[in-house]
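The sequence shown maps to residues 0 to 129 in numbering that gives the first Met the number 0.
Notes to accompany the following structure.
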Amino acid sequence: MKPKSFENGNDEVTIISSGVIIEGKLSSKGNVRVDGTVKGDVNVAGNVTIGESGDINGQVNADIITVGGKVVGKLNAKEKVVLEGKAVLKGDLVAKILVVEAGAKFDGNSKMDETSSFAPKPNVNPPLPK
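As structure tokens, this is what we get:
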């Protein structure tokens, strides 16, 4: 049976199962589902799903981030962040689209940015007169 495609069209998914603890940076070129614990930053060129038992302490960078568990750290989504009903987010987030379901807990700041990206913004200040 073929798994359901993620929104970015990539069927591959790395699963961090409940009971697994990763200490350090996690990087992937595909989608990632976290049902365990990650103590460190998560950088994904796809989507990240944090299940109800998932716990991340660090920054998360991805196309679409869905939180059903707990995150302490900043979320940077190129497209969308979804905070499901049992989600707990303690940290800031940047995304083009933010969906917050009833019951989700969010303690931080949000920035809705049409040009959301992980890359630093170019310096747009004009040069100083001579």
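Even glycine gets a Cβ: it sits at the ideal position worked out from N, Cα and C.
Quick caveat: nothing in here was measured; it's all calculated off a predicted structure.
(message) Taking only three categories from DSSP, how would you classify residue 79?
(response) strand
(request) Could you tell me the distance, in whole angstroms, from the CA atom of residue 111 to the CA atom of residue 97? (result) 8 Å
(message) Less than 8 Å between the beta carbons of residue 19 and residue 45, yes or no?
(response) no
(message) Using a Cβ-Cβ cutoff of less than 6 Å, which residues in the same chain neighbour residue 65 once the five nearest sequence positions on both sides are dropped?
(response) 48 and 81
(request) Pull up the CB-CB distance for residue 31 and residue 57, whole angstroms please, since I reckon it's below 8 Å. (result) That belief does not hold up - the Cβ atoms of residue 31 and residue 57 are roughly 13 Å apart, past 8 Å.
(request) Could you spell out where the beta strand (DSSP E) holding residue 61 opens and where it closes? (result) 59–66
(request) Just the C-alpha distance for residue 14 and residue 33, rounded to the nearest angstrom, thanks. (result) 6 Å
(message) So, for residue 119: in the same chain, excluding its five sequence neighbours on each side, which residues have a beta-carbon less than 7 Å away from its beta-carbon?
(response) At residue 119 the pLDDT is 45, less than 50, meaning the model places this residue with poor confidence; the figure from the coordinates comes in the next sentence. Taken in chain order, the list of residues that qualify is empty.
(request) Quick one: using the 10 Å Cβ neighbour count with 16 as the cut-off for buried, is residue 83 buried or exposed? (result) buried
(request) Buried or exposed for residue 62, please, with buried defined as at least 16 other CB atoms from any protein chain shown within 10 angstroms of its CB. (result) buried
(message) Please classify residue 77 as buried or exposed, where buried requires at least 16 neighbouring CB atoms within 10 angstroms.
(response) buried
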